[in-house]
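Peer 1: Below is one structure. I have some questions about it.
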Amino acid sequence: MSNIMKFFVMALAWLLFFLITFYTCVKPTCCPEGGGDGAVAPTEQPATPAVTNDYAIASTLGDATVLTGDLWPALRDSLVRAYGASPDQLLNVYGYYYGSEPAPPGFENMGLMRAQAIKDLVVRETDIPADRILTLAERLDGEPAASPWIAGQFGLRAAPKTEDAPEIVQLDKDEIDVLFPFNSAQKDIDPAIDAYLEKLAERLKQTNERVVLTGHTDNVDTDEFNLKLGQRRADFVKDILVRNGAPADRITTRSEGESNPRASNATPDGRRQNRRTNVKLSAQ
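For the sequence shown, the residue numbers in the UniProt record's numbering are 1 to 284.
Structure (structure tokens):
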């Protein structure tokens, strides 16, 4: 075969290779059908991960809506059983909130609005009477958690003996509220409170734990007065602990006055819940 013929054969082969490559690889990518602007065809997106619902009740930052997850039916049924065993008790509903969340209209804080949403859920899905459910708020420390996060918790307790009686409200194994009578930094003699604080002092003597006592008030009187009253309530509980042998250098007292209400100040029982010293234990 002459050199000229070889040249034409090779040129034809290259032309065929170019045409095949263009129509099978280049054109579908750079020149899609129906588009003359040269846009690249979108690639297939990976599947969205499945959303897990491994919670009972949850909420998101800045929104009081309460979501129910896979664990809610079991929690709801356990509340019904516990309340049914002693129908004269009260159900505390705590709505969690962060201090950075603005208070919604009609509520002292977002926690109380979430607590109301949880209460509405309980009333809809159980036979626990609404007048036996008290809505309370629990402020969370630190940075907001990833959404959604736990919206709140529950606590059953015996009804107080009188409307303004001092009382201990157990929040968890390391935290309680000591409730005070109106305008008082001291409690009447109450065997249950004395016994609890004596036991707490013994615990502090045997461990290296620290305790923070935070005094709170309702919104009656001025901010300045309530800040001082809250401090007296915290100091009063510290004095009892120290008299029972608790190390004073591991007890911190402070006051938040009326700035962190546990309940709504619009009702007598709500104001009663706000007249408190919060007792919180932590590892040293």
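Note that the Cβ used here is the ideal one computed from N, Cα and C, for glycine as well. Fair warning: this is a prediction, and the values are worked out from it, not measured in the lab.
When you compare only the Cα positions, how much space is there between Ala245 and Pro129?
Peer 2: The sequence as given places Gly at residue 245; Ala does not occur at that position. Their backbone Cα atoms lie some 43 Å apart in a straight line.
Peer 1: Could you give the first and the last residue of the continuous alpha helix (DSSP H) run that contains Lys119?
Peer 2: 110–125
Peer 1: Between Asp88 and the rest of its own chain, which residues show a CB-CB distance below 7 Å, the 5 nearest in sequence each way excluded?
Peer 2: Ala159
Peer 1: Identify whether Gln273 lies in helix, strand or coil by the three-state DSSP scheme.
Peer 2: Gln273: helix per DSSP, three-state reduction.
Peer 1: Give me the residue from Tyr96, Gly106, Thr214, Ala64 with the minimum Cα distance to Glu256.
Peer 2: When each option's Cα is compared against that of Glu256, the closest is Thr214.
Peer 1: Taking DSSP as the reference, what is the three-state secondary structure of Ala74?
Peer 2: helix
Peer 1: At the level of alpha carbons, what is the spacing between Asp223 and Asn53?
Peer 2: 43 Å
Peer 1: Can you check which of these residues, Tyr98, Arg139, Phe180, is closest to Ile193 by C-alpha distance?
Peer 2: Phe180
Peer 1: Which residue spans inside the UniProt domain "OmpA-like" (167–284) form an unbroken alpha helix (DSSP H) run of at least 4?
Peer 2: 191–206, 223–243, 268–274
Peer 1: Run through the DSSP bridge pairs and tell me what Arg157 is partnered with.
Peer 2: Note: Arg157 sits in a beta bridge opposite Leu90.
Peer 1: Beta-carbon within less than 6 Å of Asn265's beta-carbon, same chain only, minus the 5 sequence neighbours each way: which residues are those?
Peer 2: Excluding residues within five positions, the ones whose Cβ falls inside 6 Å are Asp218, Asn219, Arg271.
Peer 1: Tell me where the beta strand (DSSP E) around Ser59 begins and ends.
Peer 2: 57–60
Peer 1: Once you ignore the five residues that flank Arg276 on each side, which residues in its own chain have a CB closer than 7 Å to its CB?
Peer 2: Asp177, Val178, Leu179, Phe180, His216, Arg262
Peer 1: Check whether the segment 109–119 touches the segment 83–101, counting contact only when three or more Cβ pairs, one atom from each stretch, lie closer than 8 Å.
Peer 2: yes
Peer 1: Out of Ala195, Arg139, Val66, which has the shortest C-alpha to C-alpha gap to Asn260?
Peer 2: Arg139
Peer 1: How should Arg124 be labelled, buried or exposed, when 16 other C-beta atoms within 10 angstroms of its C-beta is the threshold for buried?
Peer 2: exposed
Peer 1: Look at Gly69 and Ala58 and say whether their C-beta atoms are less than 8 Å apart.
Peer 2: Closer than 8 Å, so yes.
Peer 1: Check the DSSP bridge columns for Glu138 and list the partner residues they point to.
Peer 2: Bridge partners of Glu138: Tyr96.
Peer 1: Excluding five sequence neighbours on each side, which residues of the same chain lie with their C-beta closer than 7 Å to the C-beta of Ile118?
Peer 2: Ile57, Val66, Val93, Gly95, Ala151, Gly152
Peer 1: With a threshold of 7 Å on Cβ separation, who are the neighbours of Ala248 within its own chain once the five nearest residues in sequence on each side are excluded?
Peer 2: Val242
Peer 1: In this structure, how does DSSP classify Gly84 when only helix, strand and coil are distinguished?
Peer 2: Of the three classes helix, strand and coil, the one that applies to Gly84 here is helix, per DSSP.
Peer 1: Quick check: what's the CA-CA separation for Thr207 versus Pro105?
Peer 2: The alpha-carbon of Thr207 is positioned some 44 Å away from that of Pro105.
Peer 1: Helix, strand or coil for Ala130? Go by DSSP, reduced to three states.
Peer 2: helix
Peer 1: Measuring alpha carbon to alpha carbon, tell me which residue in Ile168, Ser282, Leu75 is nearest Arg210.
Peer 2: Out of Ile168, Ser282, Leu75, Ser282 has the C-alpha closest to the C-alpha of Arg210.
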